[in-house]
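What follows is a single structure, written as structure tokens, with notes after it.
2 protein chains.
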Amino acid sequence: MRDDPTHLAEQFSQVLRHLVFLLRRSAAGQPLTSQQYGVLGSLQHGPRRMTELAEEHAVQLPTMTVQVNRLEDAGLVTRGLDPADARVRTVELTAEGRQRLEAVRTVRIARLTVELAALTEDERATLAAALPVLEKLGRS
Amino acid sequence: MRDDPTHLAEQFSQVLRHLVFLLRRSAAGQPLTSQQYGVLGSLQHGPRRMTELAEEHAVQLPTMTVQVNRLEDAGLVTRGLDPADARVRTVELTAEGRQRLEAVRTVRIARLTVELAALTEDERATLAAALPVLEKLGRS
DNA sequence: GAACTAACTTAGCATGCCTAATATTTCCGG
DNA sequence: CCGGAAATATTAGGCATGCTAAGTTAGTTC
């Protein structure tokens, strides 16, 4: 009677909308925008170059430049040079940046945890089972 | 060994990030931003007042004013008056707006359908089972 | 009918994203 | 080894989206 993947897509589209609002709320009122949070997260395991950051966040290089400028102004990251290639600028967390990242992450995870704790055990299991599928989506 | 809802929250947080990118791609290059698309969608079943729209989209009234201004300039909606209360402005789809909405929706659904069609039958079933749970999240 | 509340709009500002143009630096072919 | 192409970043300018504060007009209340 109905085309299955298309029908699923319609429902999924609704749910995505809902999740966007959920995310917005879980990020509200924090001392970092989600973009800034994301960039800091990318720096967690050490310095990165601008190009890497831009690609990882699926934005153009100039966008990342501005983003990093703000983080630098806020004292959360520092720019450095790559000794091997003078064209490359590296970006690195400051101590304050690392601290801020951890604090914001803690709050975000806590808020999500509250939402998830309101579910039943079964629902959490269903959700957990779907996560790998969601992760796979769009990687094709 | 580990706190279950918190652990799930961490994984879920990652997946949400991924989905944001997916959404961004499914909206790319269309003749409506996702916000504009969302507002048009709210008008599908008839005129609405500004306050309703702002609440539904979780933005402040001035933000919605600007949004509707743009849609009006583009000829996709018209503003009207509520005969019962001269303070309220109503917003309604034009024929062109309705047409545009349908066109964009078709493309978006089609793109999502492609992604979903790339999954196995089992994966789609797993995803479908999780949709009600996702929908429930944040409604508590 | 004066004061309060409600519904919107205007104005001004920050953020996020883009493209085009500009430096620099590196790489590579001849 | 040198001149042009490619790579890495930044600056500049533009648009969309969001916010708060302040102003306008209309209804409500006492």
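One line per chain: the protein sequences are A and Y, in this order. Heads up, the first sequence is in the UniProt record's numbering, so the first residue is 1 and it goes up one at a time. Heads up, the second sequence is in the UniProt record's numbering, so the first residue is 1 and it goes up one at a time. Glycine is no exception: its CB is placed at the ideal position from the N, C-alpha and C atoms.
{"Query": "What separation, rounded to the nearest whole angstrom, lies between the Cα atoms of Y/Thr113 and Y/Arg124?", "Result": "11 Å"}
{"Query": "Alpha carbon to alpha carbon, what distance is there between Y/Gly41 and Y/Val34?", "Result": "Per the sequence shown, the amino acid found at residue 34 of chain Y is Ser instead of Val. Their backbone Cα atoms lie some 10 Å apart in a straight line."}
{"Query": "Nearest to Y/Asp85 by CA position, among Y/Arg49, Y/Tyr37, Y/Arg139, is which residue?", "Result": "Y/Arg49"}
{"Query": "Report the rounded CA-to-CA distance for Y/Glu72 versus A/Val91, giving the unit in angstroms.", "Result": "43 Å"}
{"Query": "Nearest CA to the CA of Y/Tyr37: which residue from Y/Ser26, Y/Pro83, Y/Leu101?", "Result": "Y/Leu101"}
{"Query": "Quick one: what does DSSP say Y/Leu93 is sitting in, helix, strand or coil?", "Result": "strand"}
{"Query": "Under 8 Å by Cβ, that's how I've got Y/Leu116 and A/Pro5 pegged, so tell me the actual separation to the nearest angstrom.", "Result": "4 Å"}
{"Query": "Please decide whether A/Gln11 counts as near chain Y, where near means a Cβ-Cβ distance under 8 Å.", "Result": "yes"}
{"Query": "With DSSP collapsed to three states, give me the class of Y/Leu81.", "Result": "strand"}
{"Query": "In or out: A/Val66 buried (at least 16 other Cβ within 10 Å) or exposed?", "Result": "exposed"}
{"Query": "List, in order along the chain, the chain A residues whose C-beta lies closer than 8 Å to that of Y/Glu123?", "Result": "Val133, Lys136"}
{"Query": "Using 8 Å as the threshold, is the C-beta distance between A/Pro47 and A/Gly97 below it?", "Result": "no"}
{"Query": "Candidates A/Thr120, A/Arg111, A/Ala118, A/Leu134: which alpha carbon is nearest Y/Asp122's?", "Result": "A/Leu134"}
{"Query": "Looking at C-beta atoms only, is the number of pairs between the segment 51-67 of chain A and the segment 5-16 of chain A that lie closer than 8 Å three or more?", "Result": "no"}
{"Query": "Can you list the residues of chain A that Y/Val15 reaches, using a CB-CB cut of under 7 Å?", "Result": "Leu131, Leu134, Glu135"}
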